[in-house]
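So the structure is just underneath, and the comments pick up after that.
Chains as they are written, first to last, in full-length UniProt numbering: chain F, 1 to 125; chain W, 1 to 383.
Here is the structure:
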């Protein structure tokens with residue numbers, strides 16, 4: 001599996017897009033994480049207006065066999081949650097880097113340790 | 001993202017591998033440690049595998065199960081003494097679901113026992129309990145004319161499950177499958193390989209379990225894969241096996257059944273045969289448990305169906321939605337591919353256990369999610 005070069009990554013297997021002109025970035029989980037989870041059946045995403053803090057829990061993804069916490073890759077305000085994923089959580093499996101994105105966040109602070117695609121690929125194996 | 005909770009057991013010792021291990025890896029299986037074995041969890045989507053078994057056919061490697069053979073003139077009597085069932089009454093060629101209990105009536109394991117011949121029985125134990133069962137049978141059979149043999153190394157176990165499984169198996173065997181009833185087993189040849197062919201399974205579907213020499217396992221797997229290709233047979237892992245058995249309302253050791261549970265507590269008192277000849281281990285305690293269960297069942301095993309989408313997991317409290325009082329506990333839970341909703345098996349106080357009881361919820365990490373109480377099983381195949 002390949003991790004897109006234009007994204008940055010966390011060791012919790014989330015990806016973060018570059019910010020747009022409003023300082024908003026898109027967040028999802030990686031294909032590695034989606035495969036490890038198995039079929040995702042329920043996504044609890046942060047709500048629009050929520051303030052999330054880098055490294056803290058901001059939602060959960062539920063698969064057939066387990067439930068996993070979703071961690072905020074950055075600090076900021078949630079400006080959009082992906083309703084398509086709420087309606088059809090299997091999008092996280094079928095298109096983790098595209099239609100299966102989870103939420104958009106207006107970044108106020110980001111940790112220094114976000115990984116490049118190559119560093120994440122080395123990390124995730 | 002990190003796993004906050006998982007129902008997969010994990011052990012620290014180096015896991016054992018089945019005879020089909022290389023094949024699973026070549027097929028790209030996600031492997032998991034299960035009861036000390038490295039087993040396929042899923043090959044692709046566990047939901048697709050589940051649906052294949054319900055509508056077509058699935059092929060499983062169950063070589064982690066523990067086989068124990070009893071031979072000799074008193075093998076049947078030894079099993080009557082050691083287990084709760086009446087195994088000496090079992091006809092050769094038939095199989096029986098039964099349990100082994102301790103002196104207090106607690107369940108040590110649930111078992112399938114095959115009577116292969118007049119003086120030969122094979123006991124199949126859960127992987128996690130195989131050693132416990134072997135030790136108990138060895139000890140309990142000591143006074144009888146029988147030999148207890150650990151056959152775990154001598155068998156690989158493959159299962160073909162699903163409505164297409166009889167046609168698939170027929171194409172690779174001359175054995176009389178039409179004459180083979182549910183819960184029966186006979187020796188035969190499948191794809192040129194000597195096998196014990198049993199019409200048993202753990203999926204709620206028609207299907208077969210094939211006990212073969214480990215050296216023959218790969219040949220048999222390949223032959224079944226080819227024979228089933230047109231019928232849509234797919235390799236299946238333990239993940240879908242769990243959702244299949246859950247829909248079929250079948251108990252799983254360590255979840256619905258434990259040493260703290262008697263067969264009567266689990267609603268499976270029918271497997272205890274008090275009227276069999278001779279005494280058996282746990283009789284007195286089980287008689288008391290039977291009386292308790294008849295008078296005032298403290299908790300009953302029920303099915304729960306979600307109206308929402310959040311999935312109950314083993315250990316989550318069942319609560320009264322109005323008061324928030326804990327009225328039970330989930331023992332198994334998963335999203336049901338067949339029902340399209342989360343389902344669970346739970347022990348619930350008798351007052352809330354009737355199908356249709358209103359106001360029952362599951363505490364899912366602090367949120368009380370509404371659930372409907374239903375009778376088990378959730379799914380029953382048409383016959």
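Ideal Cβ placement from N, Cα and C applies to all residues, glycine included.
Opening and closing residue of the beta strand (DSSP E) in which residue i lies
i                     : result
residue 293 (chain W) : Unbroken run through residue 293 (chain W) is the alpha helix (DSSP H), 283-295; no beta strand (DSSP E).
residue 129 (chain F) : Absent from the structure is residue 129 (chain F), since the part of chain F shown begins at 1 and ends at 125.
residue 50 (chain W)  : Counting along the chain, residue 50 (chain W) falls outside any beta strand (DSSP E), though it belongs to the alpha helix (DSSP H) covering 46-55.
residue 76 (chain F)  : 75-81
residue 34 (chain W)  : 30-34
Residue i versus residue j: straight-line alpha-carbon distance, rounded
i                     : j                     : result
residue 331 (chain W) : residue 77 (chain F)  : 38 angstroms
residue 231 (chain W) : residue 27 (chain W)  : 19 angstroms
residue 361 (chain W) : residue 126 (chain W) : 32 angstroms
residue 39 (chain F)  : residue 100 (chain F) : 13 angstroms
residue 89 (chain F)  : residue 60 (chain W)  : 27 angstroms
residue 16 (chain F)  : residue 6 (chain F)   : 9 angstroms
residue 132 (chain W) : residue 100 (chain W) : 10 angstroms
residue 4 (chain F)   : residue 107 (chain F) : 21 angstroms
residue 108 (chain W) : residue 264 (chain W) : 14 angstroms
residue 363 (chain W) : residue 257 (chain W) : 22 angstroms
residue 36 (chain W)  : residue 51 (chain F)  : 43 angstroms
residue 64 (chain F)  : residue 338 (chain W) : 13 angstroms
residue 10 (chain W)  : residue 356 (chain W) : Its pLDDT being 48, under 50, residue 10 (chain W) is placed unreliably by the model, and the measurement read from it follows with that caveat. Rounded to the nearest angstrom, the two C-alpha atoms are 37 angstroms apart.
residue 190 (chain W) : residue 175 (chain W) : 8 angstroms
residue 150 (chain W) : residue 122 (chain W) : 10 angstroms
residue 10 (chain F)  : residue 366 (chain W) : 28 angstroms
residue 48 (chain F)  : residue 82 (chain F)  : 10 angstroms
residue 353 (chain W) : residue 182 (chain W) : 31 angstroms
residue 43 (chain W)  : residue 311 (chain W) : 23 angstroms
residue 92 (chain W)  : residue 197 (chain W) : 14 angstroms
residue 259 (chain W) : residue 350 (chain W) : 21 angstroms
residue 6 (chain W)   : residue 68 (chain F)  : Any answer about residue 6 (chain W) is weak, because its pLDDT of 41 lies below 50 and its placement is not dependable; what the coordinates show is given next. Cα to Cα, residue 6 (chain W) sits roughly 8 angstroms from residue 68 (chain F).
residue 152 (chain W) : residue 55 (chain F)  : 47 angstroms
residue 300 (chain W) : residue 84 (chain W)  : 21 angstroms
residue 369 (chain W) : residue 80 (chain F)  : 25 angstroms
residue 4 (chain W)   : residue 38 (chain W)  : Here residue 4 (chain W) scores only 44 on pLDDT, less than 50, and its place in the model should not be relied on; the value that follows carries that caveat. If you take the alpha carbons of residue 4 (chain W) and residue 38 (chain W), they lie about 22 angstroms apart.
residue 85 (chain F)  : residue 53 (chain F)  : 22 angstroms
residue 166 (chain W) : residue 326 (chain W) : 46 angstroms
residue 286 (chain W) : residue 307 (chain W) : 37 angstroms
residue 210 (chain W) : residue 195 (chain W) : 6 angstroms
residue 304 (chain W) : residue 334 (chain W) : 11 angstroms
residue 314 (chain W) : residue 246 (chain W) : 12 angstroms
residue 118 (chain F) : residue 156 (chain W) : 42 angstroms
residue 8 (chain W)   : residue 21 (chain F)  : Confidence at residue 8 (chain W) is low in this model, with a pLDDT of 46, below 50, so the placement of that residue is unreliable and no value is reported for it.
Selected residue, minimal CA-CA separation from residue i, among the options
i                     : options                       : result
residue 234 (chain W) : W:177, W:158, W:124 and W:378 : W:158
residue 345 (chain W) : W:116, W:254, W:289 and W:137 : W:254
residue 202 (chain W) : W:171, W:110 and W:335        : W:110
residue 65 (chain W)  : W:112, W:100 and W:80         : W:112
residue 60 (chain F)  : F:2, F:97 and F:33            : F:33
residue 70 (chain W)  : W:79, W:63 and W:280          : W:79
residue 292 (chain W) : W:370, W:15, W:93 and W:262   : W:262
residue 75 (chain F)  : F:46, F:121 and F:2           : F:46
residue 115 (chain W) : W:98, W:106, W:275 and W:25   : W:98
residue 139 (chain W) : W:117, W:281, W:214 and W:244 : W:281
residue 125 (chain F) : F:36, F:21, F:94 and F:73     : F:36
residue 91 (chain F)  : F:23, F:31 and F:19           : F:31
residue 154 (chain W) : W:23, W:217 and W:45          : W:217
Helix, strand or coil at residue i [DSSP, three-state]
i                     : result
residue 162 (chain W) : coil
residue 352 (chain W) : helix
residue 104 (chain F) : strand
residue 173 (chain W) : strand
residue 214 (chain W) : helix
residue 62 (chain W)  : coil
residue 381 (chain W) : coil
residue 241 (chain W) : helix
residue 309 (chain W) : coil
residue 25 (chain W)  : helix
residue 8 (chain W)   : Any reading at residue 8 (chain W) must be qualified, since the residue scores a pLDDT of 46, below 50, and its modelled position is unreliable; no value is offered.
residue 91 (chain W)  : coil
residue 20 (chain F)  : coil
residue 11 (chain F)  : coil
residue 429 (chain W) : In the structure as shown, chain W starts at 1 and stops at 383, and residue 429 (chain W) therefore has no counterpart that could be examined.
residue 54 (chain F)  : coil
residue 44 (chain F)  : strand
First through last residue of the alpha helix (DSSP H) which encompasses residue i
i                     : result
residue 117 (chain F) : 117-124
residue 134 (chain W) : 130-140
residue 31 (chain F)  : 31-37
residue 76 (chain W)  : 75-82
residue 91 (chain F)  : 91-94
Contacts of residue i in chain C (Cβ-Cβ under 7 angstroms)
i                     : result
residue 239 (chain W) : Absent here is chain C; the protein component of the structure consists of chains F and W.
Contiguous beta strand (DSSP E) assignments of at least 3 residues, all confined to the stretch 248-288 of chain W = Counting only runs of 3 or more residues that sit fully inside the stretch 248-288 of chain W, no beta strand (DSSP E) segment turns up.
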